[in-house]
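Have a look at the structure below, then the notes.
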Amino acid sequence: MVYTKSRRIKTLAVATAGLLSLARCAPFPAADSVGTTASATESASFTLTSTPSLANADKAKTASFTPLSTAKWLTSEDNHEAVSEDDLSRFGIAAEQMKTFQPDAPDQELAGPAKDTAFSQTGIAFLNSTLHVKIPTEVEGEEKSVRSRALEITKDERETIKQLAYSQSQTGFWLGLLNGTPYRWELMTVEGEDVSASFSIQLPSVLQPGRSITWKAEMSDDDAHAEVRYNLIGTKEEMWLTLTIHPGFPHKVTVQYGGALETVGLSDSGQCGSVVDLGVDRGVECATFYLTGVEGRFYANDAPPNWMHSMMDDIGEYTLRDVMLPRSHRAGMYTTHKRYGVGNRINTFTQDFSVYYQLKVGGVRVLDLSPLLDKDGSIWESYGSTPKSRSPMIASGFRGTTGVSHDSLVAQINKFNDDFPGELIILDVNGKELRNGKDFKPLQGEGVSKVIDSFKRLKHRAVLVPGKDVTQMPIADIIGSGKSAVVIRMPEDRIPGLPDGYDWPGARKGFVTPAELPVFRQWSNKDDEYHMLYDQVAALQQHRKDGRAQELYEADLLLTLKDKDLFGGTAITALNAPAWVMLVQRFWTAFKGVRYPNWVAMDAIRGSSLRGVAMAVNQCFVAKRCGTFGGRVPGAAAEQVSGNKMLPTLQKVGNGTASATVVNN
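Numbered according to this note's numbering, the sequence shown spans residues 6 to 670.
Structural data, given as structure tokens:
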């Protein structure tokens with residue numbers, strides 16, 4: 006096992022009005038929660054009885070930081086203010102990178118309206134019931150000038166960094182834990198000051214194998230802090246994890262490994278005593294600590310950026326129809342080039358930071374792309390629509406924006422594969438959104454050939470067999486050699502119209518059609534997380550009955566803007582915040598047997614939660630290394646359970662202060 010140092014990438018987020026408003030995302034009550042006599046709404050202090058209190062160093066570090074009583078929402082007038090080096094360093098950006106910054110013109114896109122559907126109590130009941138031969142790669146060169154621009158900071162990213170430094174909601178933020186191991190996690194200690202008493206109520210005394218929990222941490226002021234410790238029961242050596250909410254604004258949340266707990270990481274990360282930053286202070290929605298695997302080979306948030314390569318022993322013999330991969334919805338829509346109609350960053354930004362960061366931090370392995378060929382021959386990612394207006398006040402035509410350039414997109418993917426080899430990356434080109442920049446109609450003929458030529462600059466394109474279903478090939482046959490493989494999936498209906506003398510590159514050069522990489526996609530088209538979740542779980546139950554015998558299955562865990570929200574309403578990234586809670590709280594627990602998605606597409610990928618769910622699926626449901634999860638994983642070895650059952654009880658101490666103690670039963 007190799008441990009190498011993980012350079013934590015500081016994720017970016019768009020801080021628009023309502024960014025952290027999760028009013029509709031109240032947690033489901035824990036079935037085995039800790040009781041308390043303190044009011045669920047009052048602020049309380051919890052006294053720790055069995056682990057050391059928070060280090061004084063935390064308060065010392067925040068003493069020089071000027072706390073903000075309320076989050077500052079920036080306006081357009083603030084755009085020309087300088088970003089401090091301190092702000093940049095929090096996102097892992099060196100001052101030298103800012104010297105190459107070149108402002109872009111603003112630009113973004115529109116999503117379609119959601120359908121109104123009736124959602125009955127029967128639907129809620131349904132949800133509750135379901136939740137219980139080596140192939141070489143081709144390498145081509147690229148211009149150094151293009152590569153040098155791969156990680157340049159755009160104007161939108163700089164603005165995002167600046168906004169995010171002040172955007173953490175003081176009404177609370179969402180956290181999650183996911184137990185992807187065969188061991189019970191038992192709550193040992195809880196402590197905190199100036200934290201809502203509901204914080205302790207939401208924590209289960211036991212987190213069973215395969216279960217997850219999400220809860221909201223409500224902090225009354227900048228000095229508020231808390232610690233939670235869970236022990237792993239059933240391991241040969243004593244292990245535990247301690248989640249800490251640090252004082253200061255914005256609050257930082259970390260998890261420290263205790264005892265003999267180790268994970269597969271980079272360099273010295275993942276070793277005993279390692280600390281994992283969950284990224285709450287950098288905009289990660291429902292920041293979740295996940296642990297999956299078994300003693301001696303755990304994976305967690307500090308997994309290597311080339312996580313597929315690190316799991317080759319577990320997934321190499323399986324196919325794309327077996328495993329789960331994270332997918333980024335409209336991956337290039339985190340910055341702007343041009344605006345059309347009412348398109349802006351609120352209604353067209355689906356992501357918050359670069360494709361490189363999505364690949365490295367988010368673990369994304371499928372990129373959803375929609376190229377647009379501009380009038381000058383340049384190619385840009387785009388997001389928009391061309392509806393016929395029903396109102397005389399609104400003109401018809403393309404409404405949306407263009408995002409990252411293909412020069413930058415290709416350079417970022419090439420750089421990631423150079424930095425972290427051994428990964429399979431699929432570029433899924435949306436045929437319906439492949440447009441020209443003149444009349445925004447479907448791109449044809451010579452225009453399509455120019456897009457193909459742009460993709461030919463990608464290095465490490467996989468050499469595949471024409472006509473063969475890629476989804477039924479063992480993954481080891483594609484990336485088992487330790488080299489990266491890039492696959493470009495493009496619509497086959499554009500091939501016949503290519504210019505005379507221009508040949509479709511084909512599978513031998515990494516280009517495949519939907520016939521060679523068939524996918525069933527489930528898009529809910531809802532703007533409410535519960536309607537969306539119901540639709541996704543119901544479709545999963547229906548279309549994944551036979552697992553790999555059916556075509557690859559994609560679940561779009563996306564919330565869609567309605568028409569009324571397209572004009573200065575809730576941003577797409579903010580609208581999709583509840584989807585991240587649903588991912589951990591409900592979607593993960595709905596997986597059973599072969600009924601789990603192969604691709605999960607999401608907006609606002611800022612942290613590693615989606616990668617964590619994918620790795621847990623691959624370890625537990627595919628490789629079957631994590632136990633049966635109470636019958637959810639047939640054929641797996643039974644869970645290991647040993648040791649005394651440690652159940653904490655909370656009792657009133659006085660003056661609104663509660664104390665957590667541990668009782669041996």
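Where is the CB? At the ideal position from N, CA and C, for every residue including glycine.
Coil, strand or helix - MET607 by DSSP: Looking at MET607 - three-state DSSP - the assignment turns out to be strand.
Residues of its chain near SER315, where Cβ-Cβ distance is below 7 Å and the 5 sequence neighbours each way are ignored: VAL269, ALA308 and PRO309, listed in sequence order.
CB of TRP179 within 8 Å of CB of LYS221, strictly: Yes, the pair counts as a contact, with Cβ atoms nearer than the cut-off.
Buried or exposed (CB count within 10 angstroms, at least 16 for buried), SER272: Looking at its Cβ environment, which holds fewer than 16 other Cβ atoms inside 10 Å, SER272 is exposed.
Of the residues PRO519, PRO496 and ILE577, the one placed nearest ASP533, counting alpha carbons only: Nearest of PRO519, PRO496 and ILE577 to ASP533, Cα basis: ILE577.
DSSP beta-bridge partners of GLN168: None; GLN168 has no bridge partner.
Those residues which DSSP pairs with PRO496 across a bridge: Its beta-bridge partners do not exist; DSSP assigns none.
Assumed close pair MET313, ILE431 - CB separation to whole angstroms, cut-off 8 Å: With a Cβ gap of about 12 Å, MET313 and ILE431 do not count as contacting.
Beta bridge counterpart(s) of PRO602 as assigned by DSSP: In the DSSP output, where bridge partners are listed per residue, PRO602 has none listed.
Residues near ASP282 in its chain [Cβ-Cβ closer than 8 Å; skip 5 each side]: If you ignore the 5 residues before and after ASP282, its C-beta comes within less than 8 Å of the C-beta of ARG13, LYS257, VAL258 and THR259, all in its own chain and listed in chain order.
GLU559 - containing beta strand (DSSP E), residue span: Its beta strand (DSSP E) spans residues 557 to 561.
Contact under 8 Å by Cβ, THR476 with PRO523: With a cutoff of 8 Å on beta-carbon distance, THR476 and PRO523 are scored as near each other.
Simplified DSSP assignment, three categories, for ASN530: ASN530: coil per DSSP, three-state reduction.
Own chain, CB closer than 8 Å to GLY598, minus 5 neighbours either side, in chain order: Counting only Cβ-Cβ distances below 8 Å, and skipping sequence neighbours, we find GLY552, PHE626, ARG637, VAL638 and PRO639.
Boundaries (first-last residue) of the beta strand (DSSP E) holding GLU386: Under the DSSP assignment, GLU386 falls in the beta strand (DSSP E) whose first and last residues are 384 to 390.
Residues that DSSP places opposite ALA490 in a beta bridge: In DSSP, ALA490 forms a bridge with LEU429.
CB contact flag (PRO426, GLY515, <8 Å): No, they are not a contact pair.
Meets three-Cβ-pair contact criterion under 8 Å: the region 364 to 372 and the region 612 to 628: At 8 Å Cβ cutoff, the stretches touch.
Cβ-based burial, TYR507 [other Cβ within 10 Å; buried from 16]: Counting the other CB atoms within 10 Å of its CB gives TYR507 a total below 16, which places it among the exposed residues.
DSSP-derived helix/strand/coil call for TRP585: Reduced to three states, the DSSP call for TRP585 is helix.
Residue range of the unbroken beta strand (DSSP E) whose run includes PHE303: Annotation: the continuous beta strand (DSSP E) that includes PHE303 extends over 302 to 305.
For THR247, the nearest candidate out of LEU580, ARG591, TYR295 and GLN213 (CA to CA): Closest option to THR247, Cα to Cα, is TYR295.
Burial state of GLY275 (16 or more Cβ within 10 Å): GLY275 counts as buried, since at least 16 other C-beta atoms from the protein chains shown sit within 10 angstroms of its C-beta.
Beta-carbon proximity list for LEU378, same chain, < 8 Å, skipping 5 on both sides: The answer, listed in chain order, is ILE384, ARG440, ASN441, GLY442, LEU448, GLY452, LYS455 and VAL456.
Of the listed residues PRO255, GLN261, PHE303 and ASP318, nearest to ARG287 (C-alpha basis): Out of PRO255, GLN261, PHE303 and ASP318, PRO255 has the C-alpha closest to the C-alpha of ARG287.
Per-residue DSSP class, three states only, for GLU82: Confidence in GLU82 is poor, its pLDDT being 29 and thus under 50, which makes the residue's placement too unreliable to answer from.
Closest residue to LYS437 among ARG499, GLY197 and VAL360 (Cα-Cα distance): Of the listed residues, the one whose Cα sits closest to LYS437 is ARG499.
Burial state of GLN547, where buried means 16 or more other Cβ atoms lie within 10 Å: Around the beta carbon of GLN547, fewer than 16 other beta carbons sit within 10 angstroms, so the residue counts as exposed.
Secondary structure of ASP373, DSSP reduced to three states: Strand at ASP373.
Bridge-paired residues (DSSP) for GLU198: DSSP, once it has assigned bridges, lists HIS230 as partnering GLU198.
Three-state secondary structure (DSSP) of ASN419: Look at ASN419 here: in three-state DSSP terms it is helix.
Residues bridged to PHE204 [DSSP beta-bridge criterion]: The beta-bridge partner set that DSSP reports for PHE204 is empty.
GLU242 classed as buried or exposed, judged by whether at least 16 other C-beta atoms fall within 10 angstroms: GLU242 counts as exposed, since fewer than 16 other beta carbons sit within 10 angstroms of its beta carbon.
Unbroken beta strand (DSSP E) run spanning ASP282, endpoints: Note, ASP282: beta strand (DSSP E), 280 to 282.
Backbone CA spacing between PRO376 and MET620 [nearest angstrom]: The alpha-carbon of PRO376 is positioned some 30 Å away from that of MET620.
Within 8 Å, strictly: CB atoms of ASN530 and GLU559: Against a cut-off of 8 Å, the Cβ pair of GLU559 and ASN530 comes out as no contact.
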